[in-house]
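See structure below.
2 protein chains.
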Amino acid sequence: MEMTIGKLAERAGLAASAIRYYEEVGLLPPPARASGRRVFGEQALDRLLVIAFAKEAGFSLREIRQLFDGFASDTPAGTRWRKLATAKLVEVEALAARIDTMKHLLREALRCGCVELDACGKLFRARAGRLGLGARRKQRRSVEFAKGML
Amino acid sequence: MEMTIGKLAERAGLAASAIRYYEEVGLLPPPARASGRRVFGEQALDRLLVIAFAKEAGFSLREIRQLFDGFASDTPAGTRWRKLATAKLVEVEALAARIDTMKHLLREALRCGCVELDACGKLFRARAGRLGLGARRKQRRSVEFAKGML
DNA sequence: GTAGGACTTCAAGTACGCTTGAAGTCAAGG
DNA sequence: CCTTGACTTCAAGCGTACTTGAAGTCCTAC
Chain A
8 MEMTIGKLAE
18 RAGLAASAIR
28 YYEEVGLLPP
38 PARASGRRVF
48 GEQALDRLLV
58 IAFAKEAGFS
68 LREIRQLFDG
78 FASDTPAGTR
88 WRKLATAKLV
98 EVEALAARID
108 TMKHLLREAL
118 RCGCVELDAC
128 GKLFRARAGR
138 LGLGARRKQR
148 RSVEFAKGML
Chain B
8 MEMTIGKLAE
18 RAGLAASAIR
28 YYEEVGLLPP
38 PARASGRRVF
48 GEQALDRLLV
58 IAFAKEAGFS
68 LREIRQLFDG
78 FASDTPAGTR
88 WRKLATAKLV
98 EVEALAARID
108 TMKHLLREAL
118 RCGCVELDAC
128 GKLFRARAGR
138 LGLGARRKQR
148 RSVEFAKGML
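Going down the list, the protein sequences come from chains A and B. Take 8 as the starting number for the first sequence in the working numbering and just add one per residue. Take 8 as the starting number for the second sequence in the working numbering and just add one per residue.
Pasting the structure below:
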């Protein structure tokens, strides 16, 4: 029933350091201690499972905390997290569109017979507008979780 | 024909600091100087267009440099970059699948009537295996460019 | 001659999700 | 008693793609 951080880490498939980190950022409630060491119950594992699920679904740790906060002090009951999930779904769909663009670009590039680098550049000149070049669109990175790939 | 970094930045839709950064990491050849200041020709803009295209297609700056290196010392001619692009296409398709999973998870979550947080955790217990939980899959992040979202 | 604006360099900061290292503590086993 | 192993804390590091700030230089215009 009760376990040390090592056991919990093993069962959750995480590193112990990750669990400490989750605690530090408020994703996991501070567990009981036995002579300094953390002692976790089964609900800690449940929590980690929910976190894993949310991560899989595309939520950042910060967002997951908001999700959890939404559970606690809620209006009707489960309205807040539903809002967040819906918003995330929109983000994910936008991301899917983005991925689709990538696929098209890659296939297009593979079809073109570019051999020389700077020739390609000249090629792009003609249709630079399509890439938003010169448009100086301001970096609004509202899609928090996709940072690595914008 | 010749321009300062400010003009180039404006035409490319980038910040001047970004251009300096590209030069620093070897994406842009060091331009000529006039009393200390960088002086760029039109090909610099071409280069930036190619870089923008590659970024759009999902390549990291490091990968773009490899792409460029491939152009220089090549075997048949344009074989190396084609290899990289093909590999990237595979990565992107994997990513698309990942996004699809996210969509499914989100929709599933929205369908479920979870009201209490820890109840959800118990729910997940039953099918934890599906998430790879407890499997301790080692973080092999070969999909360099998608880091922000794993 | 001097103010302004655009440029220069270099170091450090940003966000995210952890990991790693150093130094110390604790209980059990030989 | 002393080693071993698992734990503790705290600080710093990693990787990506830049941005920001400080301090200095340079040309032009007034």
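Cβ atoms here follow ideal geometry from the backbone N, Cα and C, with glycine treated the same way. It should be emphasised that the depicted structure is a prediction, and the values quoted were computed from it without experimental measurement.
How big is the Cα-Cα spacing for residue i and residue j?
i, j, result
"A22 (chain A)", "Y29 (chain A)", "11 Å"
"A25 (chain A)", "E98 (chain B)", "27 Å"
"W88 (chain A)", "V57 (chain A)", "13 Å"
"R118 (chain B)", "L55 (chain B)", "46 Å"
"G43 (chain B)", "P37 (chain B)", "12 Å"
"E100 (chain B)", "K90 (chain A)", "29 Å"
"L52 (chain A)", "L68 (chain A)", "17 Å"
"L15 (chain A)", "F47 (chain A)", "7 Å"
"T11 (chain B)", "G77 (chain B)", "29 Å"
"Q50 (chain A)", "R27 (chain A)", "16 Å"
"L34 (chain B)", "F66 (chain B)", "13 Å"
"T86 (chain B)", "L113 (chain A)", "15 Å"
Is the CB of residue i under 9 Å away from at least one CB in chain A?
i, result
"T93 (chain B)", "yes"
"K14 (chain B)", "no"
"G65 (chain B)", "yes"
"I26 (chain B)", "no"
"R45 (chain B)", "no"
"L117 (chain B)", "yes"
"R114 (chain B)", "yes"
"R144 (chain B)", "Low confidence applies here, because R144 (chain B) scores a pLDDT of 38, under 50, leaving its location unreliable and the question unanswered by this model."
"L34 (chain B)", "no"
"L96 (chain B)", "yes"
Kindly examine the ligand GDP and report whether one of its heavy atoms sits closer than 8 Å to the Cβ of residue i.
i, result
"A64 (chain A)", "Ligands displayed in this structure: none; no statement on the ligand GDP is therefore possible."
So, is the C-beta of residue i closer than 9 Å to a C-beta in chain B?
i, result
"E165 (chain A)", "Given that chain A is displayed from residue 8 to residue 157, the structure contains no residue 165 (chain A) and the question cannot be resolved."
"A7 (chain A)", "For chain A, the structure presents residues 8 to 157; residue 7 (chain A) sits outside this window and is missing."
Thinking C-beta only, is residue j closer than 9 Å to residue i?
i, j, result
"L96 (chain A)", "K110 (chain B)", "yes"
"A116 (chain B)", "A19 (chain A)", "no"
"A170 (chain B)", "D107 (chain A)", "Nothing in the structure corresponds to residue 170 (chain B), since chain B is present only between 8 and 157."
Check each candidate in the options and name the one with the smallest Cα separation from residue i.
i, options, result
"E70 (chain A)", "A:D107, A:E9, A:T93 and A:I106", "A:T93"
"E9 (chain B)", "B:R105, B:L35 and B:R40", "B:R40"
"K62 (chain B)", "A:V32, A:G13 and A:R105", "A:R105"
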